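Okay, so the sequence shown: first residue is -11 according to this note's numbering, each after it adds one.
Ideal Cβ placement from N, Cα and C applies to all residues, glycine included.
These numbers come from a predicted model, not from an experiment.
Below is one structure; the comments refer to it alone.
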Amino acid sequence: MDCLAPGWLSSPEAYRSCISNVAFFIVPPVMMWLNTQYNHHRPVPLQGLAVMEMFIGIFSIYFHMTLSYAGQLLDELSILWTVGFCYAVWLPVQHYPKFIKNRDQLMWLVAIVTIVSTLMSFLKPALNAYVLNFIAVHLFYLTGQSLKRCNNPRVHRLALSMTVHWMIAIACWITDKILCGFCQRINFCYFHSFWHVFITFAIFYCATLIIYFDVFYELPSSNPDVMYWPSSTSPIALPYLVFQSSQKCC
């Protein structure tokens, strides 16, 4: 974003970057609506993610409207705490550190790590975005480990869709960072807006994948599966979780 700072606030690029954050307010409610069965099973995690995504959208808009130091930190820290929340409520038991015995202990560990990371983010703010993106490496590792135990083609398709959208998002972010001057010369300054849109949908696919494996590990008798709305053959198909076997909600 630094290379766009001169004249940024009054530029069309600033307007587009703010408008592209609208996806953070549209996608979470749709995700909640589609995953009704999971919300009855475990209401807090998905609702918490939806709320935190909206905070990401709010702080991202604030940052892109002001390009202020406070806006940058609010934008990045909202992402950090959302990631911490997801680790706390969804990390599978088999991936716990050896010294962690239950989820309560995991939540305390995640809270401590997130607080320490928050304090460290003030030391080198320029590195924050790179560190946050690097977390995706561990996410893909966890996904790969889980897919080894799953032979459902819909789930593998979902993982592929998540990966493709995430890679496109990262490519747009890197292009915006490194080739900003070139993009200005050819009058094509859309990559940061593309980053917002693609990463929002990548998170949508990722969240659906996470809740699938949450049920797959914790409530396998419910026979979870992934369906697509409006249909699996639609050009734009949104995934959601279904329980094929009726279970008592808890």
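query                                                                                                                        : result
Residue from Ala114, Lys165 and Val71 whose Cα sits closest to the Cα of Ile198                                              : Val71
Cys238 classed as buried or exposed, judged by whether at least 16 other C-beta atoms fall within 10 angstroms               : Bear in mind that a pLDDT of 36 at Cys238, under 50, signals an unreliable position, so the number given afterwards is only what the model happens to contain. Cys238 should be labelled exposed.
DSSP state of Val10 mapped onto helix, strand, coil                                                                          : coil
Phe192 and Cys138 closer than 9 Å at C-beta                                                                                  : no
Buried versus exposed call for Pro113 [16 or more other C-beta atoms within 10 Å across all chains shown]                    : exposed
Pro16, DSSP secondary structure in three states                                                                              : helix
Leu(-8) versus Leu226: straight-line alpha-carbon distance, rounded                                                          : Any reading at Leu(-8) must be qualified, since the residue scores a pLDDT of 48, below 50, and its modelled position is unreliable; no value is offered.
Cβ contact check for the stretch 151 to 160 and the stretch 173 to 190: 3 or more pairs under 8 Å                            : yes
Whole-number beta carbon distance between Thr106 and Leu62, since they are thought to touch under 8 Å                        : No, Leu62 and Thr106 are not in contact; Cβ-Cβ is about 11 Å, not under 8 Å.
Distance between Val101 and Ser56 (C-alpha atoms, nearest Å)                                                                 : 26 Å
Residue environment, Trp96, which counts as buried when at least 16 other CB atoms sit within 10 Å                           : exposed
Reduced DSSP secondary structure (H/G/I, E/B, other) of Leu250                                                               : Residue coverage of the chain in this structure runs from -11 to 238, which leaves residue 250 outside it and unanswerable.
Chain-order list of residues whose beta-carbon lies under 7 Å from that of Phe122 (same chain, five-residue window excluded) : none
Residues that DSSP places opposite Trp96 in a beta bridge                                                                    : BP columns for Trp96 are empty, so no partner.
Chain D within 9 Å of Met19, Cβ atoms only                                                                                   : Although the question refers to chain D, the structure presented lacks it and comprises just one protein chain.
Simplified DSSP state of Pro212, which is helix, strand or coil                                                              : strand
Backbone secondary structure at Cys237 - three-state DSSP                                                                    : For Cys237, the predicted model reports a pLDDT of 41, less than 50, meaning its position is unreliable; a value from the coordinates is still stated below. Cys237: coil per DSSP, three-state reduction.
Residue(s) in a DSSP beta bridge with Trp78                                                                                  : Answer by DSSP bridge pairing: none, since Trp78 is not bridged.
Nearest-angstrom Cα separation, counted from Pro223 out to Cys171                                                            : 29 Å
Stretch-stretch touch, CB-based, cutoff 8 Å, three pairs: the stretch 42 to 60 with the stretch 207 to 221                   : no
Inter-residue CB distance, Thr188 and Phe73 (contact presumed, cutoff 8 Å)                                                   : Not confirmed; about 17 Å, so no contact.
Nonlocal neighbours in the same chain, by C-beta distance under 8 Å from Ile44, ignoring five residues either side           : Phe12, Asp63, Ser66, Ile67 and Thr70
Unbroken alpha helix (DSSP H) run spanning Lys165, endpoints                                                                 : Pro141 to Ile166
Nearest-angstrom Cα separation, counted from Thr54 out to Leu207                                                             : 46 Å
In DSSP terms, what Trp217 is bridged to                                                                                     : Leu226
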